[in-house]
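Take a look at the structure set out below.
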Amino acid sequence: MADLKGILYIRVSTKEQNPENQLIVLRRFCESRGIEIVDFFEDQISGYETRPEDREGWRKAVELAEKTGATIIVFSLDRIARRYDYLVQTLDK
173 MADLKGILYI
183 RVSTKEQNPE
193 NQLIVLRRFC
203 ESRGIEIVDF
213 FEDQISGYET
223 RPEDREGWRK
233 AVELAEKTGA
243 TIIVFSLDRI
253 ARRYDYLVQT
263 LDK
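In terms of my numbering, the sequence shown is numbered consecutively and its last residue is 265.
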């Protein structure tokens, strides 16, 4: 079986939201499936108003994924983008 590697991406919109909640769930997910966590990145910014490629954390996650062959793992698809058009454009890349 090939070694599975993951990069965790976390996004919250407000300071009141706790990114740690997403991180805990993602770490448990990876642990239960034998996925090695390469790194994790976080953005605190609106997922509706900001395209993923305009967010520093997302850009770094993509760059590392391309470099290492790891998969980006998110809590839910709306952590990538809240707008359908942004999400589809991002997943098409």
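Note that the Cβ used here is the ideal one computed from N, Cα and C, for glycine as well. Just so you know, these numbers come straight off a predicted model, no measurement behind them.
Note to self: In this structure, how does DSSP classify GLN194 when only helix, strand and coil are distinguished?
What the structure shows: Reduced to three states, the DSSP call for GLN194 is helix.
Notebook entry, point to check: Under a Cβ-count criterion, where at least 16 other Cβ atoms within 10 Å of its own Cβ denotes burial, should VAL260 be classed as buried or exposed?
Noted result: Exposed.
Check: Apart from the five residues on each side of it in sequence, which residues of its chain come closer than 6 Å, Cβ to Cβ, to LYS177?
Finding: Correct list, in chain order: GLU208, VAL210 and ALA242.
Next item on the list: Leaving out five residues on either side along the sequence, give the residues of the same chain with a beta carbon under 6 Å from the beta carbon of VAL184.
Entry: For VAL184, where only same-chain residues beyond five positions count, the Cβ hits under 6 Å are PRO191 and GLN216.
Note to self: Is it the case that the stretch 227-237 contacts the stretch 196-204, given that we only count it when at least three CB pairs across the two stretches are under 8 Å?
What the structure shows: The stretch 196-204, when compared against the stretch 227-237, does not touch it at the 8 Å Cβ threshold.
Next item on the list: Determine the direct distance from the alpha carbon of LEU195 to that of ILE179, and round the result to whole angstroms.
Entry: ILE179 and LEU195: Cα-Cα distance of roughly 11 Å.
Next item on the list: Measure the C-alpha to C-alpha separation of GLU225 and ILE182 and round it to an integer number of angstroms.
Entry: Answer to the nearest angstrom: the Cα atoms are 14 Å apart.
Note to self: With a threshold of 6 Å on Cβ separation, who are the neighbours of MET173 within its own chain once the five nearest residues in sequence on each side are excluded?
What the structure shows: With a pLDDT of 47 at MET173, under the threshold of 50, the modelled position of this residue cannot be trusted; read the value that follows with caution. Within the same chain, MET173 has no close Cβ partners at all.
Checklist line | 3-residue-minimum beta strand (DSSP E) runs that sit fully inside the stretch 197-239, ordered along the chain | finding: Listed in chain order, they are 207-216.
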